[in-house]
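Visitor: For any residue, its number in my numbering is found by taking its place in the sequence shown, counting from 1, and adding 49.
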Amino acid sequence: MPARNRSLWPYLLIAPTVAGGAFLLLYPLLKAAVISFQHFRMGELIRGGAVFAGLENYTELLTGAEFWQVLLRTVVWTAINVVLIVVLGTGIALMLPRLRRGLRLALMSALALAWATPIIAATTVFQWLFQSELGVVNWVLVTLGLDQFQGYTWFADGTATFAVLVILVVWQSVPFAALTLYAGLTTIPVELFESARIDGGTGWQVFWKVTFPMLRQLFALIAALEVIWVAKCFPQIWVLSQGGPDGATTTLPVYAFKVARVLHRYDLGSAVAMLTVLILAVALISNLRRMVRS
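1. So what's GLN197 in DSSP terms, helix, strand or just coil?
2. Between the Cα of LEU234 and those of SER244, PRO59, ARG265, spot the shortest distance and give me the residue it belongs to.
3. When you compare the CB positions of PHE283 and LEU217, do they come within less than 8 Å of one another, or not?
4. So if DSSP puts HIS88 in a beta bridge, which residue, or which two residues, is it bridged to?
5. For TYR76, is the classification buried or exposed, using 16 other Cβ atoms within 10 angstroms of its Cβ as the cut-off for buried?
6. Could you pull the start and end residues of the alpha helix (DSSP H) that LEU111 belongs to?
7. Using the C-alpha atoms, what's the distance from LEU104 back to ARG90?
8. What does a CB cutoff of less than 6 Å around PHE268 pick up in its chain, not counting 5 residues either side in sequence?
9. Return the chain-ordered ranges of every alpha helix (DSSP H) run that is complete within the stretch 229-273 and spans a minimum of 4 residues.
10. Tell me whether PHE179 sits in a helix, a strand or coil according to DSSP, three-state version.
11. Does the stretch 276-293 come within contact of the stretch 160-173, defined as at least 3 CB pairs closer than 8 Å?
12. Hey, LEU337 and LEU110: beta-carbon distance below 8 Å or not?
13. I'd like the list of long-range same chain contacts for PRO302, defined as Cβ closer than 6 Å, with 5 residues on each side in sequence excluded.
14. Using a Cβ-Cβ distance cut-off of 8 Å, determine whether GLU240 contacts chain B.
15. Does DSSP classify GLY296 as helix, strand or coil?
16. Do the CB positions of PHE198 and LEU190 come within less than 8 Å of each other?
17. Whole angstroms is fine: what's the gap from ILE63's alpha carbon to GLU115's?
18. Any chance the stretch 312-326 sits against the stretch 125-140, with 3 or more Cβ pairs inside 8 Å?
19. Can you have a look at MET323 and say buried or exposed, based on whether 16 or more other CB atoms are within 10 angstroms of its CB?
20. For ILE129 and VAL215, which I take to be in contact (beta-carbon distance under 8 Å), what is that distance rounded to the nearest angstrom?
21. Can you tell me whether THR299 is buried or exposed? The criterion is at least 16 other CB atoms within 10 Å of its CB, across all chains shown.
22. Please state whether DSSP places GLY184 in a helix, a strand or coil.
23. When you compare each of PHE72, HIS313, THR325 to HIS88 by their alpha carbons, which one comes out closest?
24. Would a C-beta distance cut-off of 8 Å place GLY293 and LYS307 closer than the cut-off?
25. Using only CA atoms, which one of ASP196, THR127, GLY249 lies nearest to PHE211?
26. Give me, in chain order, the residues of the same chain whose beta-carbon lies closer than 8 Å to that of TRP164; leave out the 5 immediate sequence neighbours on both sides.
27. From which residue to which residue does the alpha helix (DSSP H) around PHE306 run?
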């Protein structure tokens, strides 16, 4: 076989997979983009013939107060979760090398199992844990002397429901951050830590002067991935609260689904989805640019 043909052969082998993946990813995105510029509701879904509406859907969204409330809630939701995930993941990653081998293996296995738990299954377990009458959380709190949690209905209060969802998402996400950072820690030469300690550096100083600079890009990558994952989080919120009560847990993905499903405003729902993609793309690109520059 000629050398030129041999050089093309690997690309020909992966071409079907790349083409299939591109189709599955790009077609729904392009279809949603087209619908967002159309008048597309239940009638158009059944009989077809959607007409071009220009920027009408985007104008309706951006001039309404509800969209901005949901956007602010999504930003707060994302910020709280990502900060907790990165902080807790960093703490666990720094703790793992200090544990004995057996205990370290057990903790890493537990993290892997938590990460591998299906989203819907984990969400269902959390529903049971925070159930008002038979939930374990209320029973533990009452046992500790907090009688105000006797029969407390977590999912009837917006702030409490928001907090439960944060706990759930952080619990699901910390294993990825912790194990990834731990893998990064193993690449740092031990001599650097020993030199820093000999020079009198405290644990905090060693982290900021040695660990963090060496893993800066890894921290940035984890933060970017968690922002995307948390911001587009949908199954946990929908199964646990469906965006309630009173919209207290409605984020942009949930809002897009509710608009399309309840109001049958598929055009408006697609516009919300496209704005979500645009916001995440801008955040991701800016973060990647900083990573490349550094």
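Glycine included, every Cβ here is placed at the ideal spot set by N, Cα and C.
Guide: Inspection of the coordinates gives the following:
1. helix
2. ARG265
3. no
4. DSSP links HIS88 through a beta bridge to VAL100.
5. exposed
6. Per DSSP, LEU111 belongs to the alpha helix (DSSP H) from 105-111.
7. 16 Å
8. none
9. Runs found: 239-247, 252-255.
10. coil
11. yes
12. no
13. LYS281, PHE283
14. The structure shown contains no chain B, having only a single protein chain.
15. coil
16. yes
17. Between ILE63 and GLU115, the alpha-carbon positions lie close to 45 Å from each other.
18. Pairwise C-beta distances place the stretch 312-326 out of contact with the stretch 125-140, as fewer than three of them are shorter than 8 Å.
19. buried
20. That pair is a contact at about 6 Å.
21. buried
22. coil
23. The residue from PHE72, HIS313, THR325 with its alpha-carbon nearest to that of HIS88 is HIS313.
24. no
25. THR127
26. GLN221, PRO224, PHE225, LEU228
27. Here the alpha helix (DSSP H) through PHE306 covers 301-311.
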